[in-house]
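See below for the structure under consideration.
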Amino acid sequence: MSAAASSLDEELCCSVCSDLFKDPVVLKCSHSFCRVCLQKCWEGKSSQQCPFCRRKSSVTDPPLNLILKNIVDAHQKQKSESRCSLHGEKLLLFCEDDEELLCVVCQTSRKHRNHQLCPVEETVQDNKEDLRASLIPLKEKLEKFTKMKQEFEERAKHMKSQSQQTEKKIKEEFHELHEFLREEEEIRLAILRVEKMEKSERMNEKIENISKQVSTLSEKIRDIEEAMGAEDISFLMTFKETKEKAQCSLQDPELESGVLIDVAKHLGSLKFRVCENMLGTLQYTPVTLDPNTAAPWLSVSDDLTSVRNTDVYQQLPDNPERFSCCVGVLGSEGFNSGKHSWEVEVGDKPEWTAGVAAESVNRKGGIRYKLENGFWVVGLREGDVYTACDSPQTRLRLERKPQRIRVQLDYDRGEVSFFNPADMSLIYTFKGTFTGSLFPFFSPGVNDDGSNPEVLQIFPVKVSVTVM
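Note that the UniProt record's numbering gives residue 328 to position 328 of the sequence shown, counting from 1, and the numbers run on in steps of one.
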């Protein structure tokens, strides 16, 4: 430390007076001198030369070397700070009671009598260890924020792709309705664009905010690490401020629901909703699927009425609404009152599950279809084993293998019934009391090695629309 300080003193000395620069000026040859020293060297001479290299100077009043002046001033300030302002002695001790730097004279004063004193070097080492410990949670939090930023960016990218695909489908649907429905088409597109704009703005705001927080944490860590590399005296004098910087009150970021494009709102039964003013009959699907809830192995059709297990994992955002392991998907609309029914075409699939699920069901990790877990479903396993996931699980004996399953929900009576539409024979009825919204639930089953690739299709119904 002393050798380095001595070397710096030499570098900051004027070669004429051998003292620290005072009001330093710089010549074109880049050599600097005290202004007074240079004037004395030039006094009474017909030409001006650099006192060091003898190069002639055409400037009689050379400019101030502001950078050098600032360095000298800072050096002098640091040297003065490293000495006791009362006794002029070096500050070698630190009073832990008063948190003050002391010289050897100060330690004998009444003010610091019986106080806990420690050499500066030991105090610096202890405080640096304290800061190192404080850096650990800060760096962990930075890692979390950086990872969450990446999650937001991935969702923004997926949302953009969703928006593009949805817009394409909307245009295709409206093309089938011919020119007289184009006004309605533009209304739907406008709704989508507004949602895209609003959610993009929200997502961009979140990305911007978390970027600022990442920048703040990075800057804070950099400042602390720079402070830890400072001279001992400077370090101790700024330690309290540095320690305060090491505290972090930022809450960990969290993903929220509803950040993706609500595809179901735009595409669900689109033709029926826009053609209610038309004479004739329309094909209407009473339930549409919400692709934002579909497990990564599932492929939902463009019209949101069928789902199949591709047995290929897709890189999709792990948003809170999505099932992560259970190969299931929910309907886009929940029910909390009244009667509702829909039919599911299961065909000859060897495995499937259908029914209703509570909105509150766990979407992440392994899930068992049980009443206490919020599922009221029946299913087929191994091609001929039908079960109702009641409590306890009930094995079903069916006279014929149904090609379609009718699900009938009577929310107010607390009943979910399943029928074979071919003869309306009852398959099973759950009875209980419902709380909260119930959503249609569909699972095409596992598809190991392509053993169950067929779709699970929501069966459409015909509705007559009369214009009054």
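By construction, the Cβ of each residue, glycine as well, lies at the ideal position given by its N, Cα and C atoms.
Just so you know, these numbers come straight off a predicted model, no measurement behind them.
{"Query": "What does Asn420 pair with, by DSSP beta-bridge criteria?", "Result": "Ser425"}
{"Query": "Within 10 angstroms of its Cβ, does Cys53 collect 16 or more other Cβ (buried), or is it exposed?", "Result": "exposed"}
{"Query": "Looking at C-alpha atoms only, which residue of Ala156, Phe323, Val105 is the closest neighbour of Val89?", "Result": "The residue you asked about is not Val; residue 89 is Glu in the sequence shown. Measuring from the Cα of Glu89, the nearest candidate turns out to be Val105."}
{"Query": "Determine whether the beta carbon atoms of Lys77 and Pro24 lie at a separation below 9 Å.", "Result": "no"}
{"Query": "According to DSSP, which residues form a beta bridge with Ala378?", "Result": "Checking the sequence, you will find Val at residue 378 rather than Ala. Paired residue(s): Ala354, Ala388."}
{"Query": "Just how far apart, CA to CA, sit Gln48 and Ser30?", "Result": "15 Å"}
{"Query": "Closest to Leu135 by CA distance: which of Lys243, Val120, Arg35 is it?", "Result": "Lys243"}
{"Query": "By the three-class DSSP mapping on this structure, what secondary structure does Asn447 have?", "Result": "coil"}
{"Query": "Would you mind sorting Gln125 into buried or exposed? The rule is 16 or more other CB atoms within 10 Å of its CB.", "Result": "exposed"}
{"Query": "Over what stretch of residues does the alpha helix (DSSP H) that includes Ser211 continue unbroken?", "Result": "182-228"}
{"Query": "Measure the Cβ-Cβ separation of Val378 and Ala354 and say whether it is below 9 Å.", "Result": "yes"}
{"Query": "Kindly indicate which residue of Val16, Asp302, Ser82 has the alpha-carbon position closest to the one of Val120.", "Result": "Ser82"}
{"Query": "In angstroms with no decimal places, state the Cα-to-Cα distance between Arg406 and Lys339.", "Result": "13 Å"}
{"Query": "Using only the alpha-carbon positions, how far apart do Asp252 and Pro402 sit?", "Result": "50 Å"}
{"Query": "By how many angstroms is the C-alpha of His158 removed from the C-alpha of Ser323?", "Result": "In the sequence under discussion, the amino acid at residue 323 is Phe, which differs from the Ser named in the question. Cα to Cα, Phe323 sits roughly 17 Å from His158."}
{"Query": "Per DSSP, what kind of secondary structure is Cys118 in: helix, strand or coil?", "Result": "strand"}
{"Query": "Ordered along the chain, which non-local residues of its own chain (more than five positions away) have a Cβ less than 8 Å from that of Leu396?", "Result": "Val378, Tyr386, Thr387, Ala388, Ile427, Tyr428"}
{"Query": "Can you find at least 3 beta carbon pairs, one from the segment 256-275 and one from the segment 198-206, that sit closer than 8 Å?", "Result": "yes"}
{"Query": "Would you kindly check if the distance between the Cβ of Val446 and the Cβ of Asn452 is under 9 Å?", "Result": "yes"}
{"Query": "So Leu398 and Glu351 are in contact, right, with Cβ under 8 Å, and what is the actual spacing, rounded?", "Result": "With a Cβ gap of about 15 Å, Leu398 and Glu351 do not count as contacting."}
{"Query": "Per DSSP, what kind of secondary structure is Asp410 in: helix, strand or coil?", "Result": "strand"}
{"Query": "Using 8 Å as the threshold, is the segment 297-310 in touch with the segment 362-372, meaning 3 or more CB pairs across them?", "Result": "no"}
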